[in-house]
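Notes follow the structure.
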Amino acid sequence: MTHSRSPNVPFSSTDAAHIADVLSLAENLKTEMRHSWLSNGRRESVAEHTWLMSLAAILMAPHLEHDVDLGQTLKLIAVHDIAEAITGDIPFFEESARQVSKYADEAEAMEKISAMLPPAAADLLLGLWREYEDCETAEAKFARALDKLEVQHQHNLADLKTWTTEEFGLVYTKMDRECAHDAALKTLLEVIRSRAETKMTQGGIDAAAVKAGTS
């Protein structure tokens with residue numbers, strides 16, 4: 020998917036103001052905290068999660084079995100959590116009514132955000148979000164794999180005391196499906212999982228028992 024410039028369509032100050040308004044809304048992602056902690060003990064923001072996913076995409080793209088459009092992947096990563104500027108972040112393992120309605124709520128939020136933009140920008144933003152959610156393109160599959168890998172990598176860097184009981188088991192269940200299509204992603208998964216196991220073991224957690232409990 021490419022999006023070329025439209026030189027015959029004027030870009031007005033009103034259009035610029037609408038884009039600035041969406042950027043102001045998206046700034047919420049800098050302060051929306053996730054259920055992940057940094058190595059210094061501070062909680063991670065949604066924006067920080069997105070940034071590290073982007074860096075991982077740049078570094079991993081050359082090693083994939085099949086070529087992907089890195090620029091398109093980075094676009095998908097940049098917008099994949101933008102609905103959370105309205106809905107807020109919901110932990111993967113949370114069992115709640117808002118978890119059940121998560122996709123519908125985020126789809127509604129995306130419609131609201133898109134409605135703030137000029138038509139071409141609205142179509143672009145909504146199209147990228149839907150491509151990521153549909154997960155049918157190589158770029159979307161790559162981005163979604165990195166989403167899961169980044170989460171575990173960040174947990175590995177955090178104090179083990181920040182992990183919930185559910186998150187021990189997720190070491191063995193959360194990443195595999197998204198990484199199964201590519202050998203390089205599976206190799207990165209193995210490294211990240213091994214470091215998680217080391218962290219658990221050093222913290223007095225029986226990693227083998229946790230693994231057995233997920234099978």
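Take the sequence shown: its letters are residues 20 to 234, numbered as in this note's numbering. Glycine included, each C-beta is placed from N, C-alpha and C at the ideal position. Since we're looking at a predicted model, the values are computed, not measured.
From what residue to what residue does the alpha helix (DSSP H) around residue i run?
i: Ser-133; result: 121 to 134
i: Arg-214; result: 202 to 221
i: Arg-163; result: 157 to 176
i: Asp-186; result: For clarity, residue 186 is Glu in the given sequence; the question names Asp instead. It spans 184 to 189 - the alpha helix (DSSP H) in which Glu-186 sits, taken as one unbroken run.
i: His-85; result: Per DSSP, His-85 belongs to no alpha helix (DSSP H) and is neither H nor E.
i: His-37; result: 32 to 45
i: Lys-240; result: Residue 240 cannot be examined here, being either before or after the span of the chain that is shown, 20 to 234.
i: Val-229; result: 226 to 233
i: Thr-106; result: 103 to 106
Per DSSP, residue i is paired with what?
i: Arg-196; result: For Arg-196, which the question treats as bridged, DSSP gives no partner whatsoever.
Which same chain residues end up closer than 6 Å to residue i when comparing Cβ atoms and leaving out the 5 residues on each side of it in sequence?
i: Thr-220; result: Ala-226
i: Leu-89; result: Ala-80
Classify residue i as buried or exposed, calling it buried when 16 or more other Cβ atoms lie within 10 Å of its own Cβ.
i: Val-119; result: exposed
i: Thr-217; result: exposed
i: Ser-32; result: exposed
i: Asn-59; result: exposed
i: Ala-215; result: buried
i: Glu-46; result: exposed
i: Glu-63; result: buried
i: Val-65; result: buried
Look at the alpha carbon of residue i and the alpha carbon of residue j, and state the distance between them as a whole number of angstroms.
i: Phe-112; j: Asp-86; result: 32 Å
i: Ser-115; j: Ile-109; result: 10 Å
i: Tyr-151; j: Leu-44; result: 20 Å
i: Thr-106; j: Ala-97; result: 17 Å
i: Val-41; j: Ala-134; result: 10 Å
i: Thr-233; j: Leu-71; result: 28 Å
i: Cys-154; j: Gly-222; result: 36 Å
i: Lys-167; j: Thr-50; result: 21 Å
i: Ala-162; j: Leu-208; result: 14 Å
i: Arg-212; j: Lys-230; result: 11 Å
Note down, in chain order, each residue of its chain lying with its Cβ closer than 7 Å to the Cβ of residue i, except the 5 sequence neighbours on either side.
i: Ala-203; result: Met-79, His-82, Leu-83 and Glu-84
i: Glu-125; result: Ala-102 and Thr-106
i: Glu-127; result: none
Over what stretch of residues does the beta strand (DSSP E) that includes residue i continue unbroken?
i: Glu-63; result: 62 to 64
i: Ser-55; result: 52 to 56
So, for residue i: in the same chain, excluding its five sequence neighbours on each side, which residues have a beta-carbon less than 8 Å away from its beta-carbon?
i: Val-170; result: Ser-55, His-68, Phe-111 and Lys-193
i: Ser-73; result: Leu-93, Ile-96 and Ala-97
i: Ala-76; result: Leu-89, Thr-92, Leu-93, Ile-96, Phe-161, Ala-162 and Leu-165
Are any of the Cβ atoms in chain C nearer than 7 Å to that of residue i?
i: Asp-178; result: Note that chain C does not occur in the displayed structure, where there is just one protein chain.
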